[in-house]
Amino acid sequence: MEIIEVKTRDRVLYIEKEKTETLFMNPKIWKIPGAAEEILGVSVYKGRLAVYYRLGSERDAKCGILMKTQSDMAVGIAAEQVAGEGEIDREELTEVIPGIWERKSD
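The letter at position 94 of the sequence shown is residue 95 when you use my numbering, and the numbering goes up by one with no holes.
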């Protein structure tokens, strides 16, 4: 599987390239008072609402990754750094949310 490797504050995540809509630097993410702990905030991308999930990043995002969806709402994660691109065997990974993986911790 072709991936983009990103680092959050305390995790390394592997994003499936074929399920990635866009990756951009310094996204503007607004916090939502009273939102569930897993929600980092929201943004707008090409007129669509983008909900960012907190997957280890508690600071302002240096990088935003939006996943392809079938709905009017985009799903994204925030990362501290893009570490690179490559290929990895799915057998080594556990899916966190659709299209976003991390290494198994056997």
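All C-beta atoms in this analysis are idealised placements derived from N, C-alpha and C, irrespective of residue type, glycine included.
It should be emphasised that the depicted structure is a prediction, and the values quoted were computed from it without experimental measurement.
In terms of Cα proximity to Ala51, the closest of Ser72, Gly35 and Leu14 is Ser72.
Contact annotation: Ile98 and Ile5 have beta-carbon atoms that are not nearer than 9 Å. The distance from the Cβ of Glu81 to that of Arg10 is about 6 Å, consistent with a contact at the 8 Å cut-off. Inclusion of Ala79 and Ile30 in the CB contact set at 9 Å is warranted, their separation being smaller than that value. Beta-bridge pairing by DSSP links Glu96 to Trp102.
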